[in-house]
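Chemist: Can you keep this structure in mind? I'll have questions shortly.
In my numbering, the protein residues as written are -7 to 98.
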(Lines of atoms letter the chains of each structure in order from A and count residues from 1; the text may use other names and numbers.)
(Lines give C-alpha, C1' and ligand atoms only; values in the text may rest on other atoms or scores of the structure.)
Protein backbone atom coordinates (compact mmCIF):
# COMPACT_ATOMS: atom_id res chain seq x y z
CA UNK A 1 0.00 0.00 0.00
CA UNK A 2 1.10 3.51 -0.67
CA UNK A 3 0.04 6.42 1.51
CA UNK A 4 -0.57 9.61 -0.44
CA UNK A 5 2.41 11.94 -0.01
CA UNK A 6 4.69 9.23 1.37
CA UNK A 7 7.62 7.37 -0.17
CA UNK A 8 7.01 4.29 2.00
CA UNK A 9 5.48 1.25 0.31
CA UNK A 10 4.04 -1.73 2.15
CA UNK A 11 3.37 -4.75 -0.04
CA UNK A 12 0.34 -6.68 1.20
CA UNK A 13 0.01 -10.38 0.43
CA UNK A 14 -3.53 -11.67 0.60
CA UNK A 15 -4.33 -15.21 1.73
CA UNK A 16 -8.08 -15.06 1.14
CA UNK A 17 -11.07 -12.73 0.91
CA UNK A 18 -14.55 -12.75 2.42
CA UNK A 19 -16.76 -11.17 -0.26
CA UNK A 20 -20.08 -9.40 0.02
CA UNK A 21 -21.78 -8.61 -3.31
CA UNK A 22 -24.66 -6.24 -3.90
CA UNK A 23 -26.24 -5.26 -7.18
CA UNK A 24 -26.49 -1.47 -7.28
CA UNK A 25 -28.53 -1.08 -10.49
CA UNK A 26 -28.68 -2.46 -14.04
CA UNK A 27 -25.05 -1.52 -14.68
CA UNK A 28 -23.01 -1.93 -11.48
CA UNK A 29 -22.30 -4.49 -8.78
CA UNK A 30 -20.57 -3.39 -5.57
CA UNK A 31 -18.24 -5.88 -3.91
CA UNK A 32 -16.80 -5.46 -0.44
CA UNK A 33 -13.87 -7.72 0.39
CA UNK A 34 -12.62 -8.40 3.88
CA UNK A 35 -9.07 -9.63 3.30
CA UNK A 36 -7.09 -12.13 5.30
CA UNK A 37 -3.44 -11.17 5.07
CA UNK A 38 -0.42 -13.44 5.06
CA UNK A 39 0.87 -13.41 8.64
CA UNK A 40 4.17 -11.80 7.64
CA UNK A 41 2.43 -8.86 5.99
CA UNK A 42 2.27 -5.72 8.11
CA UNK A 43 -0.70 -3.42 7.64
CA UNK A 44 0.56 0.16 7.35
CA UNK A 45 0.24 2.46 10.33
CA UNK A 46 -2.88 4.52 9.89
CA UNK A 47 -5.04 1.58 8.72
CA UNK A 48 -7.22 0.18 11.49
CA UNK A 49 -9.78 -2.00 9.68
CA UNK A 50 -8.88 -2.65 6.04
CA UNK A 51 -11.58 -3.58 3.57
CA UNK A 52 -11.53 -3.43 -0.20
CA UNK A 53 -14.31 -1.85 -2.27
CA UNK A 54 -14.54 -3.10 -5.84
CA UNK A 55 -16.99 -1.81 -8.42
CA UNK A 56 -17.70 -4.12 -11.36
CA UNK A 57 -20.09 -4.07 -14.27
CA UNK A 58 -22.94 -6.58 -14.27
CA UNK A 59 -20.80 -8.40 -16.84
CA UNK A 60 -17.99 -8.80 -14.29
CA UNK A 61 -15.51 -6.23 -15.62
CA UNK A 62 -13.66 -4.28 -12.92
CA UNK A 63 -14.21 -0.52 -12.96
CA UNK A 64 -12.53 0.47 -9.69
CA UNK A 65 -10.60 -0.97 -6.73
CA UNK A 66 -10.41 1.22 -3.62
CA UNK A 67 -8.98 0.55 -0.14
CA UNK A 68 -11.27 1.44 2.75
CA UNK A 69 -10.42 1.90 6.40
CA UNK A 70 -13.25 1.38 8.87
CA UNK A 71 -15.74 1.49 5.97
CA UNK A 72 -14.54 4.82 4.55
CA UNK A 73 -12.25 5.97 1.77
CA UNK A 74 -8.73 6.48 3.11
CA UNK A 75 -5.42 8.11 2.20
CA UNK A 76 -3.88 4.93 0.80
CA UNK A 77 -3.83 3.31 -2.59
CA UNK A 78 -2.97 -0.23 -3.65
CA UNK A 79 0.27 -1.16 -5.38
CA UNK A 80 0.28 -2.86 -8.78
CA UNK A 81 0.94 -6.24 -7.14
CA UNK A 82 -1.93 -5.80 -4.68
CA UNK A 83 -4.30 -4.83 -7.50
CA UNK A 84 -3.18 -7.91 -9.44
CA UNK A 85 -4.06 -10.16 -6.47
CA UNK A 86 -7.47 -8.53 -6.05
CA UNK A 87 -8.15 -8.62 -9.80
CA UNK A 88 -7.29 -12.33 -9.99
CA UNK A 89 -9.77 -13.02 -7.20
CA UNK A 90 -12.56 -10.94 -8.79
CA UNK A 91 -11.97 -12.63 -12.16
CA UNK A 92 -12.02 -16.12 -10.61
CA UNK A 93 -14.83 -18.36 -11.82
CA UNK A 94 -16.49 -18.45 -8.38
CA UNK A 95 -16.83 -14.66 -8.08
CA UNK A 96 -17.73 -14.22 -11.76
CA UNK A 97 -20.53 -16.80 -11.30
CA UNK A 98 -21.81 -14.92 -8.27
CA UNK A 99 -21.80 -11.66 -10.26
CA UNK A 100 -23.71 -13.34 -13.11
CA UNK A 101 -26.27 -14.80 -10.69
CA UNK A 102 -26.73 -11.44 -9.01
CA UNK A 103 -27.04 -9.68 -12.37
CA UNK A 104 -29.62 -12.05 -13.84
CA UNK A 105 -33.08 -10.59 -14.42
CA UNK A 106 -35.40 -11.27 -11.52
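The beta-carbon is built from N, C-alpha and C at its ideal position, and this holds for glycine as well.
Within 8 Å, do at least three Cβ pairs link the stretch 56 to 66 to the stretch 9 to 16?
Modeler: Cβ pair count under 8 Å is below three, so no.
Chemist: Quick check: residue 46 and residue 78, are their CB atoms within less than 8 Å of each other?
Modeler: Going by C-beta atoms, residue 46 is nearer than 8 Å to residue 78.
Chemist: Comparing C-alpha positions only, which one of 87, 86, 85, 71 sits nearest to residue 5?
Modeler: Among 87, 86, 85, 71, the Cα nearest to that of residue 5 belongs to 71.
Chemist: In terms of residue numbering, what span does the alpha helix (DSSP H) encompassing residue 73 cover?
Modeler: Residues 72 to 82.
Chemist: Quick one: residues in its chain with C-beta nearer than 8 Å to the C-beta of residue 40, no 5 flanking neighbours on either side, listed in chain order?
Modeler: 61, 62, listed in sequence order.
Chemist: Between which residues of its own chain and residue 54 is the CB-CB distance below 7 Å, once the five residues before and five after are set aside?
Modeler: If we look at residue 54 and ignore the five residues flanking it on each side, its Cβ neighbours are 46, 48, 79, 82.
Chemist: Here's a check: name, in chain order, each residue in its chain whose Cβ is nearer than 6 Å to the Cβ of residue 30, leaving out the five neighbours to either side.
Modeler: The answer, listed in chain order, is 5, 7.
Chemist: Could you tell me the alpha carbon to alpha carbon distance between residue 17 and residue 23, rounded to whole angstroms?
Modeler: Each residue's Cα considered, the two are about 13 Å apart.
Chemist: Buried or exposed: where does residue 42 fall if 16 or more other Cβ atoms within 10 Å of its Cβ makes it buried?
Modeler: Buried is the call here.
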